[in-house]
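Peer 1: Chain order of the listed sequences is A and C. Residues 521 to 734 (the working numbering) make up the first sequence, in order. Residues 521 to 734 (the working numbering) make up the second sequence, in order. Backbone N, C-alpha and C define an ideal beta-carbon position, used for all residues, glycine too. This structure is a prediction, so every number in the text was calculated from the model and none was measured.
Number of protein chains: 2
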Amino acid sequence: MDTTQRTEQQRSADRRRRELLEAADRVVLRDGPGASMNAIAAEAGITKPILYRHFGDKGGLYAALAKRHTDALLEALRAALDAPAERRERVEATLDTYLAAIEARPQVYRFLMHPSEGGPQSDQGFDVGLHSAPLLRRMGEELSKVIEERVDLGPDSAQLARVWGHGIVGMMHAAGDWWLGERPCSRAELVRSLADLLWGRLAAAGDKVGGPSF
Amino acid sequence: MDTTQRTEQQRSADRRRRELLEAADRVVLRDGPGASMNAIAAEAGITKPILYRHFGDKGGLYAALAKRHTDALLEALRAALDAPAERRERVEATLDTYLAAIEARPQVYRFLMHPSEGGPQSDQGFDVGLHSAPLLRRMGEELSKVIEERVDLGPDSAQLARVWGHGIVGMMHAAGDWWLGERPCSRAELVRSLADLLWGRLAAAGDKVGGPSF
DNA sequence: CTCACATGTTACTTGCGGTAACAGTAGCCT
DNA sequence: AGGCTACTGTTACCGCAAGTAACATGTGAG
Chain A
521 MDTTQRTEQQ RSADRRRREL LEAADRVVLR DGPGASMNAI AAEAGITKPI
571 LYRHFGDKGG LYAALAKRHT DALLEALRAA LDAPAERRER VEATLDTYLA
621 AIEARPQVYR FLMHPSEGGP QSDQGFDVGL HSAPLLRRMG EELSKVIEER
671 VDLGPDSAQL ARVWGHGIVG MMHAAGDWWL GERPCSRAEL VRSLADLLWG
721 RLAAAGDKVG GPSF
Chain C
521 MDTTQRTEQQ RSADRRRREL LEAADRVVLR DGPGASMNAI AAEAGITKPI
571 LYRHFGDKGG LYAALAKRHT DALLEALRAA LDAPAERRER VEATLDTYLA
621 AIEARPQVYR FLMHPSEGGP QSDQGFDVGL HSAPLLRRMG EELSKVIEER
671 VDLGPDSAQL ARVWGHGIVG MMHAAGDWWL GERPCSRAEL VRSLADLLWG
721 RLAAAGDKVG GPSF
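This is the structure we're talking about:
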């Protein structure tokens, strides 16, 4: 067969693909998630149909783009999660890693999580409806695995671990999103507060007495 | 003044508005969040510009639509949250209320949370990017208030309560979203697992020994 | 030289959000 | 009555973005 030739051509195609993704990245980071295919093609120095030949449709481009960032973030999280340290330390390190990532590149984060919120007249963005889930889901599954591997939860551990994995990721995500918007405290404080929550401080706290009237 | 006349006209306008919202509701529930303004107008028996006169733009229609459902859900949550019962009971009741709501009307839920995921060719949906936050945010703020009112957290209670409010809501949301998709267990089990997480079972559990190799 | 193939283009269709300009209708004011 | 305002409704259009068809061009293999 022509495998050797194929590989050569394939390599060139892959390089092109990577270049296109980087161009897309630049545009998305500059113009927000509302970036149009035309704009991306222009940034890459080519025209639309080529993008479509490479990625099928806009969702494909988005998926490829998201996968890059998602993979990178997941790797960082895995490192923090799998470190040989006390559980609380690991939890705090993981929370901090995530928050540091979204703090450092809020544009990327918003692109991954929140679809069209670009410019004033950009009402249609990437259809992240089906794609924003994956990041959260993948993080949830990853965390679930680690929990089940390393925490002794008795019977039903598999199910419990999955519920907790997704729940904790959701907590991290929502709190991070809110924090990124309002910046009501430092990152370290946020990490500490969330870890405290996970450590049962809600259950341990007493009822408030002398509260409002009743 | 012409207040009396105005009220009469206003009433008619309000009735129309409500009718339009109900039509929009039907269409969104049927066609998913990718419903077009034309489709909504047709369902209401009128044409597009009228929708725009009433709601300004698509975001306005969405916001009005979302507000109805959000208000209803928030009211139910408030009731569970403010009940005169033990804290754990209240937490479980609130979780269950939320999960029951999204279980009963997944279409509404997906519309509120996830934008365009409609039909196969519907790539642009409502720009929920800026509107899905509100529901989560409002729930988070609501919960924050209740936490601060009723739980004794010592100094920094305000900040801590807000972090926890948003975090817990995010946990509930993410776990609910995942659960709704996979249905890995009953609602009661999910509620119990999440409450256990909030009650510090993660911190209380021991390390797993004899785990994978290390 | 020519065939096959990959790369690139221009020019188009479709469909949606949003708007302008026009038409009919009900009540009030003098 | 007749006209003024204000609301409801329409058709017909613009702009823009996704996605596609058809055409052009370079390049290595036989």
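What residues in its chain sit with their C-beta under 6 Å from that of A/A533, if we drop five residues either side in the sequence?
Peer 2: none
Peer 1: Rounded C-beta distance between C/A561 and C/L549? I'm assuming under 8 Å.
Peer 2: With a contact defined as Cβ atoms closer than 8 Å, C/A561 and C/L549 miss out at about 16 Å.
Peer 1: Could you tell me which chain A residues have their CB closer than 9 Å to the CB of C/P704, listed as they occur along the chain?
Peer 2: Q679, R682, V683
Peer 1: In this structure, what does DSSP give as the bridge partners for C/G726?
Peer 2: A/D672
Peer 1: Is there at least one Cβ from chain A nearer than 8 Å to C/S556's Cβ?
Peer 2: No, C/S556 does not count as interfacial toward chain A.
Peer 1: Against A/V689, what residues of chain C qualify as contacts under a CB-to-CB distance less than 7 Å, listed in chain order?
Peer 2: A694
Peer 1: Please confirm if the stretch 612-619 of chain A is in contact with the stretch 591-600 of chain A, defined as three or more CB-CB distances below 8 Å between the two stretches.
Peer 2: The stretch 591-600 of chain A and the stretch 612-619 of chain A touch, with three or more beta-carbon pairs separated by less than 8 Å.
Peer 1: What is the DSSP secondary structure of A/A586, counted as helix, strand or coil?
Peer 2: helix
Peer 1: So, are the CB atoms of A/D727 and C/V671 less than 8 Å apart?
Peer 2: It is a contact, given that the beta carbons lie within the stated cut-off.
Peer 1: Determine, for C/R707, whether the minimum Cβ-Cβ distance to residues of chain A falls below 8 Å.
Peer 2: Output row for C/R707: interface = no.
Peer 1: On the criterion of 16 or more Cβ atoms from any shown chain inside 10 Å, does C/K568 qualify as buried, or is it exposed?
Peer 2: exposed
Peer 1: Which value, in whole angstroms, describes the spacing of the CA atoms of C/H693 and A/R531?
Peer 2: 43 Å
Peer 1: Just to confirm, are C/S706 and C/R682 a CB contact at a threshold of 8 Å?
Peer 2: no
Peer 1: Excluding sequence positions up to five away, which residues of its chain have a Cβ less than 7 Å from the Cβ of C/E563?
Peer 2: A543, R546, V547
Peer 1: Helix, strand or coil for A/D647 per DSSP?
Peer 2: Summary for A/D647: the model assigns pLDDT 46, below 50, so the residue's position carries little reliability, and this model does not support an answer.
Peer 1: Give me the chain C residues within the contact set of A/V671, using Cβ-Cβ distance strictly less than 9 Å, ordered along the chain.
Peer 2: L722, A725, G726, D727, K728, listed in chain order.
Peer 1: Under 8 Å between beta-carbons, which chain C residues line up against A/R657? List them in chain order, please.
Peer 2: W698
Peer 1: Got a sec, what are the start and stop residues for the alpha helix (DSSP H) A/S677 sits in?
Peer 2: 677-702
Peer 1: Check the Cβ-Cβ distances between A/P640 and every residue of chain C, and say whether any is below 8 Å.
Peer 2: Because the pLDDT at A/P640 is just 32, under 50, the model does not fix this residue reliably, and the value given afterwards should be weighed accordingly. No, A/P640 lies away from the interface with chain C (no Cβ there is under 8 Å from its Cβ).
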